[in-house]
Amino acid sequence: MEDDFFLTNLELRESTETGEQASGLSHSSMKGMVLLSVLELAARGEPRGAITVLHDAGDWGDRYKDLAEALAGDRWAVALP
């Protein structure tokens, strides 16, 4: 199967101690940012739904690429952070 996916880079802003002011996504500055890659696979044909495959911080999303491709082949839209 050829690589049929979109790669999205997200920068997550660190939150304040109260979790309010700096929370959320931002692309305005690299100060205090952590870069994440999200692999997005489009469903083949009309999607049955959407699935996000989650893993812990010690793992990496590309490890689950075969699973994501199988799900996309079964008409699921998949996000793999």
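Its first residue numbered 267, the sequence shown is counted upward by one per residue in our numbering.
Glycine included, each C-beta is placed from N, C-alpha and C at the ideal position.
Span of the alpha helix (DSSP H) holding residue 338? 331-339
Does the Cβ of residue 335 have 16 or more other Cβ atoms within 10 Å, making it buried, or fewer, making it exposed? With 16 or more other Cβ atoms within 10 Å, it is buried.
Where the beta strand (DSSP E) containing residue 342 begins and where it ends: 342-346
Take residue 310 and list the residues in its own chain whose beta-carbon comes closer than 7 angstroms to its own, dropping the five residues that flank it on each side. 338, 339, 341
Can you grab the Cα-Cα spacing for the pair residue 304 / residue 332, in whole Å? 15 angstroms
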